[in-house]
Amino acid sequence: MNWLDTVIQGTLLGGLYALFAMGLAVIYGVMKQINIAHGDFIVLAAYVALGIVAATGLHPFLVIPLAIVVFGAFGYFLQRTVLNRTLGSDILPPLVVTYGLSIVIENVLQQTQSGDPKSLKLGSLETASLPLGGGLAIGAFPLIMLVTAIVVAIVLEIVFNRTRLGMAFRAVSDDREIASIMGVRDRRLFGYATAISFAVIAIAGVFMGIKFTFSPSLGPNFLLYAFEAVVIGGMGSFWGTLAGGIILGIAQAIGFALNPGWGILAGHLVFLAVLLVRPTGIFARSA
Amino acid sequence: MSALLETQALVAFYGDFQALFGIDTEVAEGERVALIGANGAGKSTFLTSIAGMRRSAPESIRFDCSPIGALGAADVAALGIALVPEGRRLFPSLSVEENLTMGAFNRRKGPWDLGRVYELFPVLSEKKNAPATSLSGGQQQMVAIGRALMANPRLLMCDEISLGLAPAVVKEVYAALSVVCGEHGVSAIIVEQDIELARTISDRAYCFTHGTVSLSGASADLSREAISAAYFGV
Amino acid sequence: MSVASTVRVERYATGGRALLAIAVVVVLALISGPFWLSSEAMRLVVEFVCLLAMAQMWNLLVGYGGLVSIGQQAYIGIGGYALFVLANQLGLNPFLSVPLAGLVAALFALPTSRVLFGLSGGYFAVATWVVAEVYRLLVANISALGSGAGVSLTAMLAFDKGTREAITFWLAVALLLATTGGVYALLRSRLGLALTALRDSDVAAESQGVDVARIKLLVYVIAAFGTGCAGALYFLNALRISPDAAFGMDWIPLLFFTVIIGGIGTIEGPILGTLLYFTLRQLFADYGTWYLIALGLLAIVIMIRFPRGIYGELAARFGWRFFPVQRILRDP
Numbered sequence: 001m002n003w004l005d006t007v008i009q010g011t012l013l014g015g016l017y018a019l020f021a022m023g024l025a026v027i028y029g030v031m032k033q034i035n036i037a038h039g040d041f042i043v044l045a046a047y048v049a050l051g052i053v054a055a056t057g058l059h060p061f062l063v064i065p066l067a068i069v070v071f072g073a074f075g076y077f078l079q080r081t082v083l084n085r086t087l088g089s090d091i092l093p094p095l096v097v098t099y100g101l102s103i104v105i106e107n108v109l110q111q112t113q114s115g116d117p118k119s120l121k122l123g124s125l126e127t128a129s130l131p132l133g134g135g136l137a138i139g140a141f142p143l144i145m146l147v148t149a150i151v152v153a154i155v156l157e158i159v160f161n162r163t164r165l166g167m168a169f170r171a172v173s174d175d176r177e178i179a180s181i182m183g184v185r186d187r188r189l190f191g192y193a194t195a196i197s198f199a200v201i202a203i204a205g206v207f208m209g210i211k212f213t214f215s216p217s218l219g220p221n222f223l224l225y226a227f228e229a230v231v232i233g234g235m236g237s238f239w240g241t242l243a244g245g246i247i248l249g250i251a252q253a254i255g256f257a258l259n260p261g262w263g264i265l266a267g268h269l270v271f272l273a274v275l276l277v278r279p280t281g282i283f284a285r286s287a
Numbered sequence: 001m002s003a004l005l006e007t008q009a010l011v012a013f014y015g016d017f018q019a020l021f022g023i024d025t026e027v028a029e030g031e032r033v034a035l036i037g038a039n040g041a042g043k044s045t046f047l048t049s050i051a052g053m054r055r056s057a058p059e060s061i062r063f064d065c066s067p068i069g070a071l072g073a074a075d076v077a078a079l080g081i082a083l084v085p086e087g088r089r090l091f092p093s094l095s096v097e098e099n100l101t102m103g104a105f106n107r108r109k110g111p112w113d114l115g116r117v118y119e120l121f122p123v124l125s126e127k128k129n130a131p132a133t134s135l136s137g138g139q140q141q142m143v144a145i146g147r148a149l150m151a152n153p154r155l156l157m158c159d160e161i162s163l164g165l166a167p168a169v170v171k172e173v174y175a176a177l178s179v180v181c182g183e184h185g186v187s188a189i190i191v192e193q194d195i196e197l198a199r200t201i202s203d204r205a206y207c208f209t210h211g212t213v214s215l216s217g218a219s220a221d222l223s224r225e226a227i228s229a230a231y232f233g234v
Numbered sequence: 001m002s003v004a005s006t007v008r009v010e011r012y013a014t015g016g017r018a019l020l021a022i023a024v025v026v027v028l029a030l031i032s033g034p035f036w037l038s039s040e041a042m043r044l045v046v047e048f049v050c051l052l053a054m055a056q057m058w059n060l061l062v063g064y065g066g067l068v069s070i071g072q073q074a075y076i077g078i079g080g081y082a083l084f085v086l087a088n089q090l091g092l093n094p095f096l097s098v099p100l101a102g103l104v105a106a107l108f109a110l111p112t113s114r115v116l117f118g119l120s121g122g123y124f125a126v127a128t129w130v131v132a133e134v135y136r137l138l139v140a141n142i143s144a145l146g147s148g149a150g151v152s153l154t155a156m157l158a159f160d161k162g163t164r165e166a167i168t169f170w171l172a173v174a175l176l177l178a179t180t181g182g183v184y185a186l187l188r189s190r191l192g193l194a195l196t197a198l199r200d201s202d203v204a205a206e207s208q209g210v211d212v213a214r215i216k217l218l219v220y221v222i223a224a225f226g227t228g229c230a231g232a233l234y235f236l237n238a239l240r241i242s243p244d245a246a247f248g249m250d251w252i253p254l255l256f257f258t259v260i261i262g263g264i265g266t267i268e269g270p271i272l273g274t275l276l277y278f279t280l281r282q283l284f285a286d287y288g289t290w291y292l293i294a295l296g297l298l299a300i301v302i303m304i305r306f307p308r309g310i311y312g313e314l315a316a317r318f319g320w321r322f323f324p325v326q327r328i329l330r331d332p
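Protein chains in written order, with the working numbering: chain Y, 1 to 287; chain S, 1 to 234; chain L, 1 to 332.
Here it is in structure tokens:
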């Protein structure tokens with residue numbers, strides 16, 4: 001096995017996992033809730049993008065801005081109508097409701113889409129690569145994914161740390177009650193947070209659809225990767241989440257290179273190891 | 001002149017447990033009202049009810065003659081009622097300046113902005129970028145008060161702001177409060193454990209015992225004996 | 001004036017005793033089952049009992065232990081595979097291996113809890129899922145366990161069909177009594193009182209001397225044991241096991257829906273929920289996965305509007321208590 005090549009491929013894959021994870025981190029950071037249907041929404045985004053491409057003939061990259069707007073609005077709407085009703089100190093309602101959403105999305109897709117796996121096509125860009133010398137090469141598209149993940153991390157950091165909205169997000173996450181007596185309307189704010197999360201999900205979904213062939217049942221796996229990346233990286237900054245995604249990607253790549261059956265398992269084991277040794281995450285801000 | 005704030009038969013429950021049994025109070029414009037009573041008497045519950053952190057019957061709380069009992073906290077804040085909560089409850093993830101800025105989230109017009117708050121509490125200006133919870137107890141209390149002032153309130157409610165502070169710091173804090181109320185006509189409800197202190201910093205006082213008003217009157221007129229009797233429910 | 005002397009603590013509600021009598025009659029009828037039920041009917045009853053046992057264990061875990069797990073399928077799978085290893089590879093009696101498989105599951109629960117118990121809430125839930133996935137992938141990669149294709153319960157060839165079906169059926173009846181009766185007895189005991197306190201408030205319970213950490217571990221291990229037994233019996237009934245069937249995610253909707261729709265934190269709730277799930281599944285088997293979609297939407301609606309579940313709401317409204325587990329204060 002060529003270690004350097006494996007690590008590079010893992011890093012690039014990690015960019016996609018980081019995109020999966022950052023959407024989850026936004027919601028967990030603001031509302032302390034995990035959306036079990038997170039991965040299914042990523043798959044849904046891919047199907048929606050596929051539909052748009054089929055209807056309009058647009059290049060998948062051009063579909064991204066449209067998908068961001070559509071999914072962002074959908075996320076806001078979902079939060080305000082359904083998910084806001086699960087807020088509170090009881091942990092069961094948000095888990096059950098989002099789990100119910102996951103089942104509904106998966107099975108509706110199963111019943112309404114044809115069974116064969118789908119994919120978004122990029123044309124020649126899919127196989128384009130940049131040579132690095134020494135016989136190594138980076139795929140152009142995987143590089144685009146990693147760069148996008150970095151850009152998203154930068155944007156999210158700016159939003160959360162340098163805007164009024166982000167300050168409200170952090171305040172509400174610290175103390176929802178006291179934030180409300182300052183005038184923060186939390187129901188609306190949570191809608192914005194979910195809208196942002198879904199915007200990132202839309203990007204992740206389109207990229208996923210290009211990178212993998214997808215089918216309705218992949219949702220839960222993506223949730224697990226997103227979750228593992230968040231835990232490995234640690235809460236507190238989106239750079240940590242980015243790093244977590246990359247570490248997960250590298251772990252899976254190494255596992256896969258050792259034995260194809262061990263790829264995903266390697267990722268799980270690294271996750272469990274981090275849980276045992278440093279449960280707050282590798283790059284967590286110690287608060 | 002009608003009162004700025006009026007409560008009438010205000011009740012409050014925690015599940016099956018009743019904390020307030022019909023509270024009648026009023027606060028006039030520019031008045032400082034002290035609220036004393038033993039732990040568990042219902043003082044914090046009273047303040048949180050007014051702040052909109054719990055729902056009450058609409059007519060049981062009136063502000064500027066309008067019923068606000070059923071309003072949510074964000075709406076109550078928009079009307080100009082600010083709370084310095086028990087235990088300060090600063091936002092740990094935010095810096096001092098960010099905590100103060102959060103106070104102004106509603107963007108109410110008035111004399112208070114970051115500059116004025118730093119004038120009132122100069123030490124905060126030096127620490128403006130520090131995480132709010134890294135400050136000393138007294139400094140955190142200043143941040144909490146400053147945060148409430150940033151809302152440019154017409155009614156300021158303070159819940160035990162002297163708890164855990166050195167006497168010199170308490171003096172400083174209440175002196176600042178005096179300035180705020182005197183110069184800017186802000187009304188205040190001040191929950192204070194120290195009865196003597198409560199008398200000196202207020203125009204009128206209420207004593208709560210087991211969720212009811214057991215004594216009320218002008219602070220200067222209330223005798224020690226009357227207060228003790230009311231406080232301990234004897 | 002002492003308050004304690006003027007109230008009494010009552011432990012049975014109206015109607016409870018009558019319904020308990022009915023339940024006894026049902027159980028007696030079941031015991032005679034192999035003599036009058038068809039093979040198909042017995043197979044279904046065994047499957048139902050297994051699902052119900054899993055639901056009761058999950059209810060114990062979540063409704064009383066406050067541990068929201070979406071990874072209990074780990075123990076279904078461990079129980080199942082333990083049974084096959086004990087019976088096929090080690091040559092033990094397959095029927096006796098069912099409770100042994102449960103013990104194996106309980107043993108696995110101990111180190112698993114060390115990894116998981118630092119987490120809480122949503123983090124804990126998803127982590128339990130990861131753990132189940134790890135077990136699935138590990139088993140799928142071990143060729144001695146049949147890898148991805150699975151393995152058949154060859155140890156059963158030693159028995160004729162009639163005996164096999166009858167003993168499997170009676171094992172199911174025993175499991176039914178053990179889990180439902182066991183949970184009932186547990187909740188009426190001192191441990192049960194501690195669990196109810198824990199459910200209402202961790203912190204308050206701890207301040208009253210309840211060792212929260214130890215009790216959570218106990219509940220987790222008991223639930224693993226019960227789930228392991230149910231898993232073992234399920235695959236004893238099915239005669240075949242594979243990693244996807246054992247550790248797959250198809251178990252999760254069952255557990256969620258039976259307990260939540262039935263009503264969490266009650267004993268009757270999971271019974272009602274499992275009946276509902278089972279009936280719906282049998283009725284709509286030919287219509288693809290639409291029943292799952294319906295179940296998903298139902299769970300969403302119920303969790304939002306009727307968090308106590310169908311049974312919980314009805315019980316609250318009409319004061320029903322078939323399996324009374326609380327202590328009601330009454331004026332004498």
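Using N, Cα and C, we set each Cβ at its ideal position, and we do this for glycine too.
What you are looking at is a predicted structure, and each value in this text was computed from that prediction instead of being measured.
Cα separation between A273/L and L20/L? The residue labelled residue 273/L in the question sits at position 273 within the third sequence. The residue labelled residue 20/L in the question sits at position 20 within the third sequence. Sequence inspection shows Gly at residue 273/L; the Ala mentioned does not correspond to that position. Our two residues, G273/L and L20/L, have alpha carbons roughly 19 Å apart in a direct line.
Give the residues of chain S in contact with S173/Y, contact being defined as C-beta atoms less than 8 Å apart. Mapped onto the first sequence, residue 173/Y falls at position 173. Chain S residues near S173/Y: S93.
Can you tell me where the beta strand (DSSP E) holding Y99/Y begins and where it ends? Working through the first sequence from its first residue, we reach residue 99/Y at position 99. Looking at the DSSP string, Y99/Y is not in any beta strand (DSSP E); the run it does join, the alpha helix (DSSP H), is L92 to T112.
Nearest-angstrom Cα distance between I64/Y and E6/S? Within the first sequence, the letter at position 64 stands for residue 64/Y. Within the second sequence, the letter at position 6 stands for residue 6/S. Using only the alpha carbons, I get a separation of about 55 Å.
Quickly, what does DSSP pair C207/S with across the bridge? List them, please. Stepping through the second sequence from its first residue, residue 207/S is reached at position 207. According to DSSP, C207/S bridges with I36/S and L215/S.
Nearest-angstrom beta carbon gap, F238/Y and A25/Y [assumed within contact, 8 Å]: In the first sequence, residue 25/Y corresponds to position 25, counting from 1. In the first sequence, residue 238/Y corresponds to position 238, counting from 1. The pair is a contact, with the Cβ atoms about 7 Å apart (cut-off 8 Å).
As assigned by DSSP and simplified to three states, the class of K32/Y: Taking the first residue of the first sequence as 1, we reach residue 32/Y at position 32. Note: K32/Y maps to coil in three-state DSSP.
Counting along the chain, where does the alpha helix (DSSP H) carrying S300/Y start and finish? Lying before the first or after the last residue shown, residue 300/Y is absent from chain Y, which here runs from 1 to 287.
Express the C-alpha separation of G263/L and I302/L in angstroms, rounding to a whole number. On the third sequence, residue 302/L is found 302 positions in, with the first residue counted as 1. On the third sequence, residue 263/L is found 263 positions in, with the first residue counted as 1. Between the alpha carbons of I302/L and G263/L lies a gap of roughly 10 Å.
Looking at C-alpha atoms only, which residue of N2/Y, P93/Y and F20/Y is the closest neighbour of V259/L? As a working mapping, residue 259/L is identified with position 259 in the third sequence. Ranking N2/Y, P93/Y and F20/Y by Cα distance to V259/L puts P93/Y first.
Let's test the definition: count the other Cβ atoms within 10 Å of the Cβ of R214/L and tell me whether it reaches 16, buried, or not, exposed. By one-based count along the third sequence, residue 214/L stands at place 214. That one is exposed.
State the DSSP-derived secondary structure class of S202/S, mapped to helix, strand or coil. As a position in the second sequence, residue 202/S is number 202, starting the count at 1. In this structure, S202/S counts as coil in the three-state DSSP scheme.
Continuous beta strand (DSSP E) stretch holding A137/Y: start and end: Stepping through the first sequence from its first residue, residue 137/Y is reached at position 137. Residues L136 to G139.
The region 199-207 of chain S touching the region 23-34 of chain S, judged by at least three CB pairs closer than 8 Å: Result yes; three or more Cβ-Cβ pairs closer than 8 Å.
Near the ligand ZN: A299/L beta-carbon under 7 Å from a heavy atom: This structure does not include the ligand ZN; it has no bound ligands of any sort.
Pairs of beta-carbons, one from the region 220-236 of chain L and one from the region 69-82 of chain L, closer than 8 Å: are there three or more? Short answer: they touch.
Within-8 Å CB hit, A170/Y to chain S: Walking along the first sequence from the start, residue 170/Y turns up at place 170. It should be pointed out that residue 170/Y corresponds to Arg in this sequence rather than to Ala. Cβ-Cβ to chain S under 8 Å: yes for R170/Y.
W129/L: contacting residues in chain Y (beta-carbon distance under 7 Å): The residue you call residue 129/L lines up with position 129 of the third sequence. Chain Y residues near W129/L: L224.
How far does the beta strand (DSSP E) with T7/S in it reach, from first residue to last? Reading the second sequence from its first residue, position 7 is the one you call residue 7/S. Going by DSSP, T7/S is part of the beta strand (DSSP E) stretching over L5 to Y14.
How far does the alpha helix (DSSP H) with F17/S in it reach, from first residue to last? The residue given as residue 17/S occupies position 17 in the second sequence. F17/S -> not in any alpha helix (DSSP H); beta strand (DSSP E) instead, spanning F17 to V27.
Residues of chain S with a CB under 9 Å from the CB of M235/Y: which are they? As a first step, residue 235/Y is located in the first sequence; it is residue number 235 there, counting from the start. Residues of chain S passing the Cβ test: none, with the nearest at roughly 11 Å.
Sequence-distant residues of the same chain with beta carbon closer than 6 Å to A202/Y, five excluded per side: Along the first sequence, one-based indexing puts residue 202/Y at 202. A45, A67, I68 and F71, listed in sequence order.
Which bits of chain Y does G110/S rub up against, with CB to CB less than 7 Å? Residue mapping note: residue 110/S aligns to position 110 of the second sequence, counting from 1. Chain Y residues near G110/S: none, gap ~14 Å exceeds 7 Å.
Expressed to the nearest angstrom, what Euclidean distance is found between the alpha-carbon atoms of F91/S and Y192/Y? Walking along the second sequence from the start, residue 91/S turns up at place 91. Walking along the first sequence from the start, residue 192/Y turns up at place 192. Approximately 20 Å, taken between the alpha carbons.
Listing by chain order, which chain S residues have their CB less than 7 Å from the CB of E126/Y? Start at 1 with the first residue of the first sequence, and residue 126/Y comes out as number 126. Going along chain S, no residue has its Cβ under 7 Å from E126/Y, so there is no contact; the nearest lies around 42 Å.
For the region 71-82 of chain S, which residues have a CB atom closer than 9 Å to at least one CB atom of chain Y, in sequence order? With the criterion set as a beta carbon lying under 9 Å from some beta carbon of chain Y, the members of the region 71-82 of chain S are G72, A73, A74, D75, V76, A77, A78, I81 and A82, in sequence order.
At the level of alpha carbons, what is the spacing between G80/L and A144/S? Working through the third sequence from its first residue, we reach residue 80/L at position 80. Working through the second sequence from its first residue, we reach residue 144/S at position 144. Straight through space, the alpha carbons of A144/S and G80/L are spaced by roughly 59 Å.
Along the beta strand (DSSP E) that carries L83/S, what are the first and last residues, could you check? Taking the first residue of the second sequence as position 1, residue 83/S is located at position 83. Where L83/S is concerned, the enclosing beta strand (DSSP E) stretches over I81 to V84.
With a 10 Å radius around its C-beta and 16 neighbouring C-beta atoms as the bar for buried, classify S2/L as buried or exposed. Walking along the third sequence from the start, residue 2/L turns up at place 2. In this prediction, S2/L scores a pLDDT of 48, lower than 50, which makes its location untrustworthy; no coordinate-derived value is stated.
Of the residues that make up the region 71-88 of chain Y, which ones have a beta carbon closer than 8 Å to any beta carbon in chain L? Correct list: V82, R85 and T86.
Touch check for the region 240-248 of chain L and the region 136-153 of chain L: three-plus C-beta pairs under 8 Å? Taking 8 Å as the limit for Cβ pairs, the verdict is that the region 136-153 of chain L does touch the region 240-248 of chain L.
Just to check my reading of the structure: I227/S and L155/S have Cβ atoms closer than 8 Å, yes? What is that Cβ distance to the nearest angstrom? Stepping through the second sequence from its first residue, residue 227/S is reached at position 227. Stepping through the second sequence from its first residue, residue 155/S is reached at position 155. Their Cβ separation, rounded to whole angstroms, is 24 Å, which puts I227/S and L155/S out of contact at 8 Å.
Assumed close pair L51/L, I271/L - CB separation to whole angstroms, cut-off 8 Å: Residue numbering aside, residue 51/L sits at position 51 when the third sequence is read from its first letter. Residue numbering aside, residue 271/L sits at position 271 when the third sequence is read from its first letter. Not confirmed; about 11 Å, so no contact.
Could you pull the start and end residues of the alpha helix (DSSP H) that F271/Y belongs to? In the first sequence, the residue the question calls residue 271/Y occupies position 271. Its alpha helix (DSSP H) spans residues G263 to V277.
Name the DSSP beta bridge partners of D159/S, please? The count along the second sequence starts at 1 and reaches residue 159/S at position 159. Looking at the DSSP assignment, D159/S forms a beta bridge with V191/S.
Following the continuous beta strand (DSSP E) through L130/Y, name the residue where it begins and the one where it ends. In the first sequence, counting from the first residue as 1, residue 130/Y sits at position 130. From DSSP, the beta strand (DSSP E) with L130/Y extends over S129 to G133.
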